[in-house]
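Protein chains in written order, with the working numbering: chain S, 5 to 139; chain U, 5 to 139. Only one structure is covered here, and it is reproduced in the block below.
Protein chains: 2
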Amino acid sequence: MNAPPLRRILETALYIEDLDAAETFYRDALGLEVIMRTDGRDVFFRCGDSMLLIFNPHVSAVPEHRVPTHGAHGPGHMAFGADAAGLEAWRARLQEHGIPIERDIEWPNGARSIYFRDPGDNSIEIATPSLWNLA
Amino acid sequence: MNAPPLRRILETALYIEDLDAAETFYRDALGLEVIMRTDGRDVFFRCGDSMLLIFNPHVSAVPEHRVPTHGAHGPGHMAFGADAAGLEAWRARLQEHGIPIERDIEWPNGARSIYFRDPGDNSIEIATPSLWNLA
């Protein structure tokens with residue numbers, strides 16, 4: 005049977021035990037819209053046409069919900085895309101919010117990435133899509 | 005300083021120790037294009053306008069690369085988006101590949117999700133974007 009190519013990532017998940025800190029960080033510092041919060045378990049954000057899901061891994065790993073269990077420990081990773089001017093503006097905004105820039109990389113192909121940490125110690129990146137030769 | 009809203013997730017990461025199994029699974033069963041492989045450390049796939057990055061967490065957590073360290077253990081989660089017909093076709097294709105469907109959920113708003121596991125025990129979902137009221 006022919007299944008259509010998977011061309012879209014709809015949900016990206018990270019794990020943070022302190023959901024209050026997670027909500028404050030992603031809502032206030034990163035400006036994402038909170039779509040849903042289930043106290044103690046998760047807080048979900050919209051990011052354009054996709055979702056960033058933050059789970060408390062101790063709770064999402066308990067088989068008490070309809071959905072399959074999961075829950076990772078240790079620092080994860082994800083990247084937002086922004087154009088070069090947007091990335092520069094985000095660098096300034098993060099500094100205004102007291103969020104240290106852990107690394108600022110100019111890639112051989114001219115792309116650029118900045119990296120910082122969220123309250124769960126996840127490595128968060130903002131990168132120009134040209135990093136992957138994406139528009 | 006005004007930073008433009010973050011409207012795009014460019015990279016989603018999961019962790020799998022066995023990168024050969026990861027590559028076979030995501031390339032052959034899920035049909036994603038391999039963009040890059042660094043033996044022992046990672047294998048990167050394109051999915052439409054974004055990237056799915058698979059890391060061996062034992063290696064990505066070692067501070068020997070230019071990029072910040074990260075590396076999570078335990079099952080993570082992500083979801084691909086597909087329309088209703090595509091999701092049905094994927095259900096069949098997964099079964100052809102011997103991949104068990106762990107859960108098949110019809111949501112109250114008419115959206116649907118199927119869940120299965122990748123070789124790292126990550127909980128992978130294919131969902132209709134209407135789950136989040138996204139087009």
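All residues carry an ideal CB built from backbone N, CA and C; glycine is no exception.
DSSP, read as helix, strand or coil, puts S:E129 in strand.
Less than 8 Å divides the Cβ of U:H74 from the Cβ of S:H81.
DSSP places S:H81 within a strand segment (E or B) once states are collapsed to three. For U:S64, the enclosing alpha helix (DSSP H) stretches over residues P61 to S64.
U:W136 is the residue among U:W136, U:P8 and U:F29 whose C-alpha sits nearest the C-alpha of U:P112. DSSP, reduced to helix, strand and coil, places U:A96 within a helical segment of the structure shown. A Cβ-Cβ contact shorter than 8 Å links S:P8 with U:A93.
Here the alpha carbon of U:E129 sits roughly 13 Å from the alpha carbon of U:A115.
Within chain S, A93 and R97 have C-beta atoms less than 9 Å from the C-beta of U:N6, given in sequence order. Restricting attention to S:D53, S:L91, S:R107 and S:R121, the CA atom closest to the CA of S:Y19 is found in S:R121. Per the DSSP secondary-structure output, S:L57 pairs in a beta bridge with S:A17 and S:F48. With a minimum length of 3 residues, the unbroken runs of beta strand (DSSP E) contained wholly in the stretch 18-43 of chain S fall at 37-42. S:G124 and S:P79 have their C-alpha atoms roughly 7 Å apart. For chain U, the residues of the stretch 48-76 of chain S that bring a beta carbon within less than 9 Å of one of its beta carbons are F48, R50, C51, G52, D53, S54, M55, L56, L57, F59, P61, S64, A65, R70, V71, P72, T73, H74, G75 and A76, in chain order.
When DSSP reads this structure, S:E110 sits in a beta bridge with S:R116. A Cβ-Cβ separation of about 3 Å places S:R11 in contact with U:G52 under the 8 Å criterion. Distance from the CA of S:E27 to the CA of S:A17, rounded to the nearest whole angstrom, comes to 14 Å. Contacts with chain S at 8 Å (Cβ-Cβ) do not include U:H101. When only Cα atoms are considered, U:F29 and S:L98 end up about 37 Å apart. Check the Cα spacing between U:V47 and each of U:A139, U:D22 and U:I109: the tightest is with U:D22. Pairing U:M55 with U:L14 gives a Cβ-Cβ distance under 8 Å. Here S:A76 has Y19 and P61 as same chain residues with Cβ atoms under 7 Å from its own Cβ, once five neighbours each way along the sequence are excluded. It is roughly 36 Å from the alpha-carbon of U:E106 to the alpha-carbon of S:D32.
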